[in-house]
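J.: I'd like to ask you about the structure that follows.
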Amino acid sequence: MNNLSPEPTTWRKSSYSADGGDCLEVADNLPGILPVRDSKTPHRTPLLFTPTTWTAFIRTL
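Mapping the sequence shown onto the working numbering, position 35 (from 1) lands on 106, and the numbers just tick up by one.
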């Protein structure tokens, strides 16, 4: 059983995002993991990335 209490997740999106809601949101306050979600469906399970995998993804854009 995991007794760790998760930290509160703080979601953010790019300042270039419009108010239309078609954005990716990233929580970067959790050590060792980067959750990414669609702002249109925040109740769905986010995709989880390691910092290394996220950095590699961003570099390809």
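We put the beta carbon where it would ideally sit given N, CA and C, even for glycine.
Mind checking whether Ser110 and Glu96 have CB atoms under 7 Å apart?
T.: Translated into positions along the sequence shown, residue 110 becomes position 39. Translated into positions along the sequence shown, residue 96 becomes position 25. In contact: Ser110 and Glu96 (Cβ atoms closer than 7 Å).
J.: Given a cut-off of 7 Å, decide if Phe120 and Leu101 are closer than it, judged by their beta-carbon atoms.
T.: Start at 1 with the first residue of the sequence shown, and residue 101 comes out as number 30. Start at 1 with the first residue of the sequence shown, and residue 120 comes out as number 49. For Leu101 and Phe120, no; Cβs fall outside 7 Å.
J.: Could you tell me the boundaries of the beta strand (DSSP E) in which Ala89 lies?
T.: Residue mapping note: residue 89 aligns to position 18 of the sequence shown, counting from 1. No beta strand (DSSP E) holds Ala89; DSSP gives it neither H nor E.
J.: Tell me the residue span of the alpha helix (DSSP H) that contains Pro122.
T.: Walking along the sequence shown from the start, residue 122 turns up at place 51. Where Pro122 is concerned, the enclosing alpha helix (DSSP H) stretches over Pro122 to Arg130.
J.: Gly103 to Leu132, Cα distance in whole Å?
T.: Working through the sequence shown from its first residue, we reach residue 103 at position 32. Working through the sequence shown from its first residue, we reach residue 132 at position 61. Each residue's alpha carbon lies about 22 Å from the other.
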